[in-house]
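*Asks:*
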Amino acid sequence: METKNNIKHLAIIMDGNGRWAKAKGLPRSKGHEAGAKTIESITRFCVDHTDIKTLTLYAFSTENWKRPKSEVDFLMKLLERYLKKELRTYHEHKIRFHAIGDISKFSAKLQKLIQEIKDQTKEYDGLTQVLALNYGARDEIIRAVQKLNATTSEINEANIAQALDTPYGELDLLIRTGGERRLSNFLLWQLSYSELHFSDTPWPDFDVDELQNIIDDFKNRKRNFGGL
Ligand code: FPP
Numbered sequence: 557m558e559t560k561n562n563i564k565h566l567a568i569i570m571d572g573n574g575r576w577a578k579a580k581g582l583p584r585s586k587g588h589e590a591g592a593k594t595i596e597s598i599t600r601f602c603v604d605h606t607d608i609k610t611l612t613l614y615a616f617s618t619e620n621w622k623r624p625k626s627e628v629d630f631l632m633k634l635l636e637r638y639l640k641k642e643l644r645t646y647h648e649h650k651i652r653f654h655a656i657g658d659i660s661k662f663s664a665k666l667q668k669l670i671q672e673i674k675d676q677t678k679e680y681d682g683l684t685q686v687l688a689l690n691y692g693a694r695d696e697i698i699r700a701v702q703k704l705n706a707t708t709s710e711i712n713e714a715n716i717a718q719a720l721d722t723p724y725g726e727l728d729l730l731i732r733t734g735g736e737r738r739l740s741n742f743l744l745w746q747l748s749y750s751e752l753h754f755s756d757t758p759w760p761d762f763d764v765d766e767l768q769n770i771i772d773d774f775k776n777r778k779r780n781f782g783g784l
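Residues in the sequence shown are numbered consecutively from 557, following my numbering.
(1) Give every residue of the same chain whose Cβ lies closer than 8 Å to the Cβ of F742, excluding the five residues on either side of it in the sequence, and list them in chain order.
(2) Jot down the residue ranges of each uninterrupted alpha helix (DSSP H) in the region 709-737, minimum 4 residues, whole runs only, in chain order.
(3) Locate the beta strand (DSSP E) running through F754, then write down its first and last residues.
(4) Between I659 and the rest of its own chain, which residues show a CB-CB distance below 7 Å, the 5 nearest in sequence each way excluded?
(5) Just list the residues that DSSP pairs V764 with in beta bridges.
(6) Assuming L727 and E696 make a contact with CB atoms under 8 Å, what is their CB distance in whole Å?
(7) Under 8 Å, do L683 and I598 count as touching if we go by C-beta distance?
(8) Which ranges would you report for the alpha helix (DSSP H) in the region 676-709 if only whole runs of at least 4 residues count?
(9) Taking 7 Å as the cut-off, does the CB of I670 come closer than this to any heavy atom belonging to the ligand FPP?
(10) Could you tell me which residues DSSP puts in a beta bridge with A655?
(11) Check whether the Cβ atoms of D761 and W576 sit closer than 8 Å, and answer yes or no.
(12) Which residues are close to the ligand FPP, meaning CB closer than 5 Å to any heavy atom, in chain order?
(13) Along the chain, which unbroken stretches of the alpha helix (DSSP H) at least 4 residues long are found entirely within the region 607-667?
(14) So, with DSSP's three-state summary, where would you put L669?
(15) Who are the Cβ neighbours of T757 in its own chain at under 7 Å, not counting the five residues just before and after it?
(16) Would you kindly work out how many angstroms separate the C-alpha atoms of T708 and Q768, rounded to a whole number?
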């Protein structure tokens with residue numbers, strides 16, 4: 557009997573908040589608020605699903621600054637609210653919080669909060685929840701190569717992987733919600749051998765039953781990693 561795939565690292569492009577809100581005649585901000593609730597329920601699911609060690613979520617991209625200032629400001633406030641609220645959950649479930657991306661563009665207050673939560677949870681060995689914040693994969697790769705250049709390390713696969721923001725081993729499965737079938741500059745290096753799943757469900761409606769079905773399908777996929 558063939559052994560089933562194990563899922564250790566799951567990443568999600570949480571798309572469709574704006575369209576979800578529009579379809580309900582609501583402002584886009586309501587879609588983002590509902591999206592933040594979905595993060596809570598999916599994170600809880602991953603805590604209980606012991607195979608999953610790392611959950612990486614695309615929360616704000618290097619391109620999202622192009623949105624109207626009012627929406628960017630709202631997303632920043634929502635992130636602050638979310639982190640303050642979730643801190644209890646991180647402690648309760650021993651979740652290690654981590655952020656990837658270049659947060660130096662965020663307000664000093666938000667940077668401090670992110671750093672404090674990282675510090676407070678760094679010893680936890682339950683799930684690691686990673687928020688991609690002002691994240692772009694090309695930016696991550698450029699920063700990694702610059703780091704290696706500065707330390708005159710040899711440029712090879714292992715060194716680049718180590719210098720990236722995400723030293724969490726292989727990424728097993730990427731899910732994108734919201735109906736689009738593209739990668740939008742997310743984890744381009746890490747996705748080399750990942751399985752992909754595109755869901756039409758907008759992120760605010762994405763739920764644990766759908767995630768369980770996607771994981772069940774993933775477990776039965778044949779992964780070759782370039783071999784036979
Ligand atoms: C995409 O929806 C969503 C994002 C901009 C990133 C994800 C943001 C959230 C889930 C909000 C809460 C996040 C945190 C960390 C508190 P969209 O606006 O692109 O939707 P659309 O494609 O339908 O317009």
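Beta carbons are placed, not taken as given, at the ideal position from N, Cα and C, and that holds for glycine.
Remember, it's a predicted structure, so these values are computed and weren't measured experimentally.
*Replies:* This is what the structure gives:
(1) If we look at F742 and ignore the five residues flanking it on each side, its Cβ neighbours are A567, I569, Y614, S617, A688, Y691, A693 and L730.
(2) If we require 4 residues or more, the alpha helix (DSSP H) runs fully inside the region 709-737 come out as 713-719.
(3) Here the beta strand (DSSP E) through F754 covers E751 to F754.
(4) Only Q667, I670, L689 and N690 meet the Cβ criterion.
(5) Under DSSP, V764 takes part in no beta bridge, so it has no partner.
(6) The pair is not a contact, with the Cβ atoms about 13 Å apart (cut-off 8 Å).
(7) Remark: C-beta atoms of L683 and I598 do not approach each other more closely than 8 Å.
(8) Counting whole runs of 4 or more residues, the region 676-709 contains the alpha helix (DSSP H) stretches 693-706.
(9) Because no heavy atom of the ligand FPP lies under 7 Å away, the Cβ of I670 does not count as near it: no.
(10) Beta-bridge pairing links A655 to L687.
(11) Contact: yes.
(12) Selection around the ligand FPP by beta-carbon proximity, strictly under 5 Å to any non-hydrogen atom, yields M570, D571, G572, N573, G574, R575, H588, G591, A592, A615, L634, L635 and Y638 in chain order.
(13) Entirely contained in the region 607-667, the alpha helix (DSSP H) runs reaching 4 residues are, in chain order, 625-648.
(14) Taken through DSSP and simplified to helix, strand or coil, L669 comes out as helix.
(15) The answer, listed in chain order, is T733 and E766.
(16) C-alpha of T708 to C-alpha of Q768: approximately 45 Å in a straight line.
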